[in-house]
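Asker: Please see the structure below; I have some questions.
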Amino acid sequence: MAIPTGNLKDRLFERATALFAGIVLALALLLFALLVRESLPALKKFGFSFITGTTWDPVAETFGALPFIYGTLVTSTIALLIAVPLSVGAAVFINDFAPPWLKGPVSFLAELLAAIPSVIYGLWGIFVLVPLLRDHFMKPVTRVFGWIPLFKGPVYGPSMLAAGVLLAIMVVPFILSVSREVMATVPQRQKEAVLSLGGTRWEMIRIVIGQHCIPGIFGATILGLGRAIGETMAVTMLIGNRPDILLSIFQPGYSMAAVIANEFTEATGDLYLSSLIAVGLVLFLITFAVNLAARWILTRLVAHASRGI
Amino acid sequence: MESIAIRRKLTDRAMTGLFLFAAILVVAPLFLIFADLLWKGAKELRWSLLTDLPHPVGETGGGIANGILGTLTISGLAMAVGIPVAVMTGIYLAEYGRGWFASIVRFCVDTLAGVPSIIMGIFGYVLVVLPMKRFSAWAAAAALAMIFIPIVVRTTEEMLKTVPHSVREAALALGIERWKATLFITVRTAWSGIVTGILLAMARILGETAPLLFTALGNQFWQSRLDGPIAAIPLQVFTYAISPYEDWHDKAWAGAVVLILMVLSISMAARFFTREKKWKP
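Same order as they appear, the protein sequences are chains A and B.
So the first sequence is numbered by my numbering: it starts at 1 and just counts up by one.
So the second sequence is numbered by my numbering: it starts at 1001 and just counts up by one.
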């Protein structure tokens, strides 16, 4: 809508709004610049081994962030393995199976889940989820499958599994809402076509979703991954905070966000602080890449959907 | 032939059951969490929780009054800075935003919206705490504003774009200057939607903990200055939750109840505003 603006006040107003937009732009650049500037001492000292190093020893001033990157990836993977099937299943149920009176309440409840502050998830995780998982899942599983490295004991409670399960609960609302939006773009005619050919509802879901929604669900998954990677409090409170790379998901670990949260105020010495900020920079870059990928997939998909129908 | 039909029908039933099961599993944690909040928070839930300072370990009673005030102070500061910046940026993007500059700004907003909140804490620390050499409400507000702004920019832009062009054209056709038409017609029309976005972003920053850890730091006492460490409910819940003391755990649950009531009531208010949002010709 190109309306000519000759008026001085009009131009001033436009400039004023543009100025504020410029502030937002500057803030984003400032954030990145500050992260880079403060990380430089650590990155200069350790170079690439900052990412590949497995020792995090503040006393010896040796800082390698691999244990945290590992912990972040393991917990996020566990979270997605649980959250994606649940969210997609729930999305299908709400969109295609639930009676109309149930749709509103169920999606309202899912929205409420998204509104709960993460520290409350963490609190609940410490006192309810961890004991529950420890006594009714981890202990029995180690007793039988303890010979598998993934489930090796001893069981303490706080662990990568506990953090992953809690993360799953937290990312479900996001994956659910994006999946529902994606599924809603499927033309009603196609669903009706399958049904009119005598297909059952499950066959309709399988064919239509399989045809249209897989890329969208993938995009939703990546979006959920972005959230899971950056989540701090709930993971900090549940993961056990141990900077070692252990294969067993029943063992404690440490995540990038958690180490920043725990050690930042205790960081004595410039190199220690710089290393923690460098962990923040790595976290920033990973979430940036992940979110960019998710947006790319989802917008490309929307473009496709509107062209295809 | 018969057996295939039966198998298809059975598969359909089984999958329906699985979908229902998934939906139940998705909402079940909500009920569990709320039940535990009420059950475990009830013990410490009394009036003095809202009016008293925290008591030391072992002493019964005490409250989180300084945390409530601190949370409101920090969030209020963040919003005072964030609302003008975010709403004006939203207006720019919706009403004028074409070309490379607008695309870059949009990209930055999307990027900021995805940045983990702990990193905004680092931002507040480096930008405010390091130069001032002390933890402060200002630093916490800076961190929270960085979370607040991208959310509000996005909703403002989206809401303004739902206003039909005919409304703008009608205003301009009456000879109203464009800036007036934008502010008093277009923004007015989308206002309840914009307020909804502001309220949702407010609910979000009220509960944020990670960015406060090394900006606000927390405080056992009242803090009357904005340039000193200040208490906040999420920080108190966190400290109490990871402490080894039984009575502090009870206080963590009580604090969580207060926090969730604040967050949910604001989310509800936001919903109320959305209901009115529908633009009627």
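Quick reminder that beta carbons are idealized off the backbone N, C-alpha and C, glycines included.
None of the values given here were measured: they were computed from a predicted structure.
1) Have a look at M1146/B, I1091/B and I1033/B and flag the residue whose alpha-carbon is nearest the alpha-carbon of W1179/B.
2) Taking only beta carbons into account, state which residues of the region 274-300 of chain A come closer than 9 Å to chain B, listed in chain order.
3) Output needed for T54/A: all residues of its chain with C-beta closer than 7 Å, excluding positions within five of it in sequence on either side, in chain order.
4) Count the other CB atoms within 10 Å of the CB of I1024/B; is the residue buried (16 or more) or exposed (fewer)?
5) Using DSSP with H/G/I as helix, E/B as strand and the rest coil, what is T268/A?
6) On a Cα-Cα basis, can you pick out the residue from A90/A, F97/A and A98/A that is closest to S177/A?
7) Under 8 Å, Cβ to Cβ, is there at least one residue of chain B near D10/A?
8) In or out: E1002/B buried (at least 16 other Cβ within 10 Å) or exposed?
9) Excluding the five sequence neighbours on either side, which residues of its own chain have a C-beta within less than 8 Å of the C-beta of L1112/B, listed in chain order?
10) G1114/B to L292/A, Cα distance in whole Å?
11) Does the pairing of the region 128-146 of chain A with the region 184-198 of chain A give three or more beta-carbon distances under 8 Å?
12) Once you ignore the five residues that flank T52/A on each side, which residues in its own chain have a CB closer than 8 Å to its CB?
13) Can you check whether the CB of L123/A is closer than 8 Å to the CB of G219/A?
14) What does DSSP give as the partner residues of W56/A in its beta bridges?
15) Under a three-way DSSP split, which group does L247/A fall into?
16) What are the uninterrupted segments assigned as beta strand (DSSP E) that are 3 or more residues long and contained completely in the region 103-168 of chain A, given in chain order?
17) How many whole angstroms separate the CB atoms of D1012/B and T200/A, which I take to be in contact at a CB cut-off of 8 Å?
18) Whose CA, out of L1264/B, R1134/B, T1189/B and A1270/B, lies closest to the CA of G1197/B?
19) Identify the contact partners of E38/A in chain B, using a Cβ-Cβ distance below 7 Å as the criterion.
20) Could you give the DSSP three-state label for L1174/B: helix, strand or coil?
21) Using the C-alpha atoms, what's the distance from P58/A back to M1088/B?
22) Using a 10 Å radius around the Cβ and a threshold of 16 neighbouring Cβ atoms, would you call Q188/A buried or exposed?
23) Flag this pair as touching only if the region 34-47 of chain A and the region 274-289 of chain A have three or more C-beta atom pairs under 8 Å; answer yes or no.
24) If you follow the alpha helix (DSSP H) that Y254/A is in, where does it begin and where does it stop?
25) P1229/B CB to nearest chain A CB: under 8 Å?
26) Which value, in whole angstroms, describes the spacing of the CA atoms of P320/A and T72/A?
27) Determine, for S1003/B, whether the minimum Cβ-Cβ distance to residues of chain A falls below 8 Å.
28) Whole angstroms are fine: how far does the CA of R1168/B sit from the CA of R15/A?
29) Go through its chain and collect everything with a Cβ distance to R180/A's Cβ below 8 Å, but skip five positions before and after it.
30) Is there a C-beta anywhere in chain B that falls below 8 Å from the one on F48/A?
31) Starting from the Cα of L150/A, find the closest Cα among V141/A, T221/A and L12/A and give me that residue.
32) Please classify E1246/B as buried or exposed, where buried requires at least 16 other C-beta atoms within 10 Å of its C-beta.
33) Would you decide whether F1272/B is buried or exposed? Buried here means 16 or more other CB atoms lie within 10 Å of its CB.
34) Which residues in the same chain as T75/A place their Cβ atom closer than 8 Å to its Cβ, once the five residues preceding and following it in sequence are excluded?
Answerer: With the structure as the only source:
1) I1091/B
2) L276, I277, G280, L281, L283, F284, T287, F288, V290, N291, L292, A294 and R295
3) G64, L66, P67 and I245
4) exposed
5) coil
6) A90/A
7) yes
8) exposed
9) M1146, I1149 and P1150
10) 9 Å
11) no
12) G64 and L66
13) no
14) F63/A
15) coil
16) none
17) 4 Å
18) A1270/B
19) V1126
20) coil
21) 45 Å
22) exposed
23) yes
24) No alpha helix (DSSP H) contains Y254/A, which DSSP labels as neither H nor E.
25) no
26) Because chain A here runs from 1 to 309, residue 320/A falls outside it and cannot be looked at.
27) no
28) 19 Å
29) A91, I94, N95 and S107
30) no
31) V141/A
32) exposed
33) exposed
34) M160, A163, G164, L167, A228, V235, I239, G253 and S255
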